[in-house]
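Presented below is the structure to which this report refers.
Numbering (the working numbering), first residue to last: 1 to 181.
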């Protein structure tokens, strides 16, 4: 089941950007690998997935909601989180909602399949593959700390990934530099 493997190296690399004890939303959380990662670091975690088995697998890890976010309402209307994490998931209509769910001073950590993946496996439909620069465009209102668009060979896949911070009101145009690890 998706979500039982180790945390994404991209997510673990940038998790230090999440404010201490901050709230974390994992979109399309699967069996909760990132929920467990952040809960183990003292964060209040929330997840959403449409698969009842995935939601059941996360029992006791935090607040997890079963919802079809592609065909139903966004279950977190009006809520903002200190971190929003998305891996291996793309529904373009939700990109603005996901970005808007990042609280002031919070971070978006996003990693999913990109154009070119059709040459090495699934997903292969353009609906599920980011186009060049698409995550950068979606995060235009955030301060991009890191961005990658390219090929990974273990397992073979094309990905785009971003770590981007929302500045706090009343702070300088750019947030302070973050520790790169």
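Cβ coordinates follow ideal geometry from the N, Cα and C atoms, glycine included.
For residue 69, no beta strand (DSSP E) encloses it, and the DSSP letter there is neither H nor E. The criterion of a C-beta distance shorter than 7 Å is satisfied by residue 55 and residue 64. Per DSSP, the unbroken alpha helix (DSSP H) holding residue 12 starts and ends at 9-14.
With fewer than 16 other CB atoms across the displayed protein chains lying within 10 angstroms of its CB, residue 151 is exposed. In the displayed model, residue 100 falls within a helix according to three-state DSSP.
Put simply, the region 142-149 does not touch the region 83-98. Fewer than three CB pairs are less than 8 Å apart. Bridge pairing for residue 152: 157 [DSSP]. Between the region 31-48 and the region 88-104, the count of C-beta pairs closer than 8 Å stays below three; the two stretches do not touch. In the structure shown, residue 76 falls within a coil segment according to DSSP collapsed to helix, strand and coil. Pairing residue 161 with residue 10 gives a Cβ-Cβ distance under 7 Å.
In this structure, residue 18 keeps its C-beta atom at 7 Å or more from the C-beta atom of residue 45.
Closest by C-alpha distance to residue 108, out of 168, 73 and 99, is 99.
Residue 159 and residue 111 have their alpha carbons spaced roughly 7 Å apart. Counting C-beta atoms within 10 angstroms of its own C-beta, residue 79 has fewer than 16 neighbours from the protein chains shown and is therefore classed as exposed. When rounded, the separation of the alpha-carbon atoms in residue 49 and residue 142 is 25 Å.
In the structure shown, the three-state DSSP call for residue 43 is coil.
When the alpha-carbon of residue 5 is set against those of 57, 52 and 15, the nearest one is in 57.
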